[in-house]
Amino acid sequence: MAVASARHILVKTKAEAEKLKQQLEKGEDFGRLAKRHSLCNSAKRGGDLGEFRPGTMVKAFDDVVFRKKVLEIHGPVKTKFGFHLIQTLYRT
């Protein structure tokens, strides 16, 4: 069974997510931005969600983590929680 590790930044609006993505593209530190802006409890760990299996997260989130390129920053991805910027760290 597949396992992945990912980190994310969760914000309320698509505009805020896009602004943060631009900062990341300019070289800002993902962990620092997550600690400062993310609404998720994972913010204190720099957005790190640890390891999880398919079906653990909401579908839109899972689709990115288990199907898109590893180490790229994907998003904004909309879920019932808000808008995510997602980076899959590894997948087995």
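Under UniProt numbering, think of the first position of the sequence shown as 1, with each following residue one higher.
We treat Cβ as the ideally placed atom computed from N, Cα and C, and that holds for glycine.
Who are the Cβ neighbours of residue i in its own chain at under 8 Å, not counting the five residues just before and after it?
| i | result |
| --- | --- |
| residue 14 | 76, 78, 83 |
| residue 71 | 87, 88, 89 |
State the start and end residues of the unbroken beta strand (DSSP E) segment that holds residue i.
| i | result |
| --- | --- |
| residue 6 | 4–11 |
| residue 78 | 73–79 |
Please classify residue i as buried or exposed, where buried requires at least 16 neighbouring CB atoms within 10 angstroms.
| i | result |
| --- | --- |
| residue 12 | exposed |
| residue 21 | buried |
Going by beta carbon distance, what residues of the same chain come within less than 6 Å of residue i, once the five residues before and after it are set aside?
| i | result |
| --- | --- |
| residue 47 | 7, 8, 9, 34, 38 |
Note down the Cα distance separating residue i from residue j, rounded to an integer number of angstroms.
| i | j | result |
| --- | --- | --- |
| residue 53 | residue 1 | 8 Å |
| residue 41 | residue 26 | 25 Å |
| residue 80 | residue 43 | 18 Å |
| residue 57 | residue 32 | 23 Å |
| residue 29 | residue 36 | 11 Å |
Please confirm whether residue i and residue j have their CB atoms less than 8 Å apart.
| i | j | result |
| --- | --- | --- |
| residue 91 | residue 17 | no |
| residue 86 | residue 24 | no |
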